[in-house]
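In this note's numbering, the protein residues as written are 168 to 458. These notes concern the structure reproduced below.
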């Protein structure tokens, strides 16, 4: 298949390498976040259409709307043709079936071309851009097709590597998510393989906290507040534990890139927005060590 040319002046890839125990081959993944696409349906009202256009223009560098920027990103994805595209939430910014369908059609097209995707549910998938919202999980149904039928917890099993997405968009981890994460960690240890964890809201770390606290405040990380739920703190401790099979954490949400240790030997990569053309180009290599 002929690779599509992409706007090299717009797309800003940053190469990183992750070593993962148990991996028998080299993998290449693209990790993006915060595309903030907004598309109104054909039968939308003038008011609805105006809101979608406003959201698409809001997230822009003055040249491309967020929706057009994502189209450019897709060209880069096709050019690279990675093993998978990993989206850390907030791919959309307008809660309408048309936007969800638009995104779903494009991710399905990638799938048909041999590029898998793992798409984490973000707070904007849950309509946090409106002032008063119902339970954000009411919007889960729009993403069942592209999130494996369960946006709260998804697993991509590559045989020698697990990529796990846990929905933390509203800074909470449920008992069910925590128990499933424990079970997946146990499974990875039994199989002597590693996990790459995909979140929307990043885990609070000593390296990340100073800048996030200055720009956004503690609510833009999980595990950053004493009043965070016990399940959130237990989840974070599970990820950071010395014997955890987590090889790396991928996240977004804060709208700038940051790399730092979530625990010794285990990095967290937080992506700058896709509407700015930022993408982590990740190579995962194996190690011969065992747990």
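Beta carbons: idealized from backbone N, C-alpha and C, even for Gly.
Assignment of beta-bridge partners to residue 427 by DSSP yields 435. When DSSP assignments are scanned along the region 178-236, the uninterrupted stretches of alpha helix (DSSP H) that are 4 or more residues long and fall wholly within it turn out to be 213-225. Residue 378 carries a helical assignment under DSSP once its states are collapsed to helix, strand and coil. Scanning 278, 219, 333 and 264 for the CA closest to the CA of residue 241 turns up 278.
Distance check between residue 362 and each of 324, 344, 432 and 224 places 324 closest, using alpha-carbon atoms only. With a cutoff of 8 Å on beta-carbon distance, residue 259 and residue 313 are scored as not near each other. Taking a C-beta distance under 8 Å as the contact criterion, residue 336 and residue 367 qualify as a contact pair. Per the C-alpha coordinates, the member of 287, 264, 225 and 270 positioned closest to residue 322 is 287. If you draw a straight line from the Cα of residue 227 to the Cα of residue 442, it is about 6 Å long. Taking C-beta atoms as the reference points, residue 181 and residue 448 count as a pair closer than 8 Å. The beta carbon of residue 194 lies closer than 6 Å to those of 250 and 451 in the same chain, with the five residues before and after it left out.
Distance from residue 257 to residue 289 at the Cβ level is roughly 4 Å; contact confirmed, criterion being Cβ atoms closer than 8 Å. Here the C-alpha atom of residue 343 lies approximately 9 Å from the C-alpha atom of residue 320. Its Cα nearest to that of residue 433, the residue 414 stands out among 414, 444 and 439. Residue 454 is bridged by DSSP to 188.
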